[in-house]
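Numbered by this note's numbering, the letters in the sequence shown go through residues 4 to 152 in order. Built from N, CA and C at the ideal position, the CB exists for glycine as well. See below for the structure under consideration.
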Amino acid sequence: MSSDQITVERTINAPADRIFALLSDAAKHSEIDGSGTVQGTRQDSRPLTLGTKFGMSMHMGVGYKTSNEVVEFEQDRRIAWKTTGAKGLVGGRIWRYELEPVEGGTLVKETWDVSQDKQKFYLKHSRMAPAAKVGMRKTLERIAHTLEP
Numbered sequence: 004m005s006s007d008q009i010t011v012e013r014t015i016n017a018p019a020d021r022i023f024a025l026l027s028d029a030a031k032h033s034e035i036d037g038s039g040t041v042q043g044t045r046q047d048s049r050p051l052t053l054g055t056k057f058g059m060s061m062h063m064g065v066g067y068k069t070s071n072e073v074v075e076f077e078q079d080r081r082i083a084w085k086t087t088g089a090k091g092l093v094g095g096r097i098w099r100y101e102l103e104p105v106e107g108g109t110l111v112k113e114t115w116d117v118s119q120d121k122q123k124f125y126l127k128h129s130r131m132a133p134a135a136k137v138g139m140r141k142t143l144e145r146i147a148h149t150l151e152p
């Protein structure tokens, strides 16, 4: 991984507002997560907006919990959250979704951004980056399967 970001994209045959509604509901993330690590929210779900903080229960070999904060938000166009763990001692990666209406639906770009992650060097030089890319492709596939007619 030479840059601090990996981006995958897919055109999904659904309007941007429906895709955004799915992405901005943390309770739905376990249903669309292609990595298999997201287990569910740690509190009642509410629509995510700029500054919203939410916790997730995760599992990758062992169970763990993350804290997340929405750091970018443009209704029906872009949403991103920064993920940390161990009370902010680890993490800092950003998960970003950008939506652009195109012929045939919506172009959805998902980005894994480690530019602010405390473990950036490790993430860029380990198996995490290729695994993230595979998981992101599966996530977009799951979103399409959930929303396409």
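Notebook entry, point to check: In whole angstroms, what is the alpha-carbon distance linking GLY88 and ALA19?
Noted result: 30 Å
Next item on the list: Determine the contact status of GLU72 and GLY54, defining contact as a CB-CB distance below 8 Å.
Entry: yes
Check: If you draw a straight line from the C-alpha of VAL74 to the C-alpha of ASP120, how long is it?
Finding: 14 Å
Check: Between which two residues does the alpha helix (DSSP H) carrying ARG21 extend?
Finding: 19 to 26
Check: Looking at the structure shown, is SER70 part of a helix, part of a strand, or coil, going by DSSP?
Finding: strand
Note to self: I need the boundaries of the alpha helix (DSSP H) containing THR87, first residue and last residue.
What the structure shows: Looking at the DSSP string, THR87 is not in any alpha helix (DSSP H); the run it does join, the beta strand (DSSP E), is 81 to 88.
Note to self: Which residue marks the beginning of the beta strand (DSSP E) containing PRO104, and which one marks its end?
What the structure shows: 93 to 105
Check: Can you tell me where the beta strand (DSSP E) with THR2 in it begins and where it stops?
Finding: Beyond the ends of the chain as shown, which are 4 and 152, falls residue 2; an answer cannot be given.
Next item on the list: Please determine, among LYS141, GLY107, ARG96, the residue with the shortest C-alpha to C-alpha distance to LYS123.
Entry: ARG96
Margin query: Spatial neighbours of VAL93 within its chain, please: C-beta separation below 8 Å, excluding the five flanking residues on both sides.
Written below: THR87, LYS121, GLN122
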